[in-house]
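The sequence shown begins at 2 in this note's numbering and counts up by one.
Yeah, the Cβ is synthetic: ideal placement off N, Cα and C, and Gly gets one too.
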Amino acid sequence: MSTNGFESLSGRTAVVTGAASGMGEATARLLAAHGARVALLARRADRLTELAAKIAADGGQALAVAVDVTDAESVRAGAARVREAFGPVDLVVNAAGVMLANPVDAGRTDEWTRMLDTNVAGVLRIIDAFRGDLLAAAAGGRRADLVNVSSIGAHVAFPGYAVYGATKAAVTQLSAVLRTEFGPRDVRVTNIEPGLTGTELGTHIDNPDLAGQLDGMFQAIDPALSADDVADLVAYVTSRPAHVNLRQVVVLPTRQA
Ligand SMILES: NC(=O)c1ccc[n+]([C@@H]2O[C@H](COP(=O)([O-])OP(=O)(O)OC[C@H]3O[C@@H](n4cnc5c(N)ncnc54)[C@H](OP(=O)(O)O)[C@@H]3O)[C@@H](O)[C@H]2O)c1
Numbered sequence: 002m003s004t005n006g007f008e009s010l011s012g013r014t015a016v017v018t019g020a021a022s023g024m025g026e027a028t029a030r031l032l033a034a035h036g037a038r039v040a041l042l043a044r045r046a047d048r049l050t051e052l053a054a055k056i057a058a059d060g061g062q063a064l065a066v067a068v069d070v071t072d073a074e075s076v077r078a079g080a081a082r083v084r085e086a087f088g089p090v091d092l093v094v095n096a097a098g099v100m101l102a103n104p105v106d107a108g109r110t111d112e113w114t115r116m117l118d119t120n121v122a123g124v125l126r127i128i129d130a131f132r133g134d135l136l137a138a139a140a141g142g143r144r145a146d147l148v149n150v151s152s153i154g155a156h157v158a159f160p161g162y163a164v165y166g167a168t169k170a171a172v173t174q175l176s177a178v179l180r181t182e183f184g185p186r187d188v189r190v191t192n193i194e195p196g197l198t199g200t201e202l203g204t205h206i207d208n209p210d211l212a213g214q215l216d217g218m219f220q221a222i223d224p225a226l227s228a229d230d231v232a233d234l235v236a237y238v239t240s241r242p243a244h245v246n247l248r249q250v251v252v253l254p255t256r257q258a
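What follows is the structure, given as structure tokens:
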């Protein structure tokens, strides 16, 4: 049923990574409010259980599945749990990510590895775990969506963010190329590149200068986006008619250059 281009998300089965906080949490809540069944993936099981209970209290359906996207076995087990509870999935949102800012000459190979493994390889592990479901849904005539949350950092150079920016550039290009593989088989691929958004993301930065610089950006660009603003976009792109694919969405706070 279509009303002004809106096609209901009711009856769809979604997986949202990074659902313990920020954009992932907001997206999971909104998709559930629109009637989708939503599997909540992240590492903090307590946060996921709490969110699943809130969604259920609001009349929605959600499943908490503790998954570490850097661990292939954890992703495999999580995907099996999702299918066991909900059956095959037709909407996947990759929102899990980490942003550990430091100049390259700080030599923080621990942070580089964690960002690459979470933001790039983690996204690939999730795609690998659910690609069969998405392709089967599309082959069966149902809408199928893969939404990757990249960043404006894929294009804009910020000192201290070389590796983070490289991971997000990889996600943007992965989305673009994947679209040429999946699009002809009716799976939509959408890459979202948000600008400054008020979430927990920056709280893991351990370099005081760069943490201070980020606080300064939030003061200068006020209001920043909220996680709900990004969730709203995910709901928008996934509720278009099946032949409409917003392939790349850059969303910035109005005051961000
Ligand atoms: N905030 C911004 O300004 C901004 C701008 C552009 C793009 N982004 C991107 O937006 C996405 C969402 O970030 P956010 O801003 O909403 O920040 P956030 O609140 O920190 O959310 C990140 C989520 O990723 C999960 N996560 C981290 N490592 C994980 C792992 N190994 N396995 C599974 N889940 C993991 C975290 O949960 P657990 O810790 O429980 O695992 C958390 O729920 C990220 O990809 C980020 O790069 C953010």
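Indicate the three-state DSSP secondary structure (helix, strand or coil) for residue i in the structure shown.
i    : result
I127 : helix
S3   : Reliability of the predicted coordinates at S3 is poor, the pLDDT of 49 falling under 50, and no value is obtained from them.
G199 : strand
T255 : coil
T14  : strand
A158 : coil
I56  : helix
S227 : strand
I153 : helix
D106 : helix
T71  : coil
V264 : With the chain covering 2 to 258 only, the question about residue 264 has no answer from this structure.
Answer with buried or exposed for residue i, where buried requires no fewer than 16 other C-beta atoms within 10 angstroms of its C-beta.
i    : result
G25  : buried
A97  : buried
S3   : Summary for S3: the model assigns pLDDT 49, below 50, so the residue's position carries little reliability, and this model does not support an answer.
D216 : exposed
A221 : exposed
G203 : buried
D47  : exposed
A140 : exposed
E85  : exposed
R144 : buried
A57  : exposed
Are residue i and residue j touching if we call contact CB-CB under 8 Å?
i    : j    : result
L32  : L10  : yes
V83  : V66  : yes
L261 : V93  : Because the chain is modelled from 2 through 258, residue 261 falls outside the range shown and cannot be assessed.
N120 : V172 : yes
I115 : L125 : Ile is not the amino acid found at residue 115; the sequence shown has Arg there. No, these two residues do not count as a Cβ contact at 8 Å.
A155 : A27  : no
L247 : T191 : yes
With residue i and residue j assumed to form a contact (beta carbons below 8 Å), what rounded beta-carbon distance in angstroms separates them?
i    : j    : result
A228 : G19  : Their Cβ separation, rounded to whole angstroms, is 10 Å, which puts A228 and G19 out of contact at 8 Å.
I153 : L253 : 7 Å
G36  : G6   : Contact doesn't hold; Cβ gap of about 17 Å is too wide.
A63  : V39  : 5 Å
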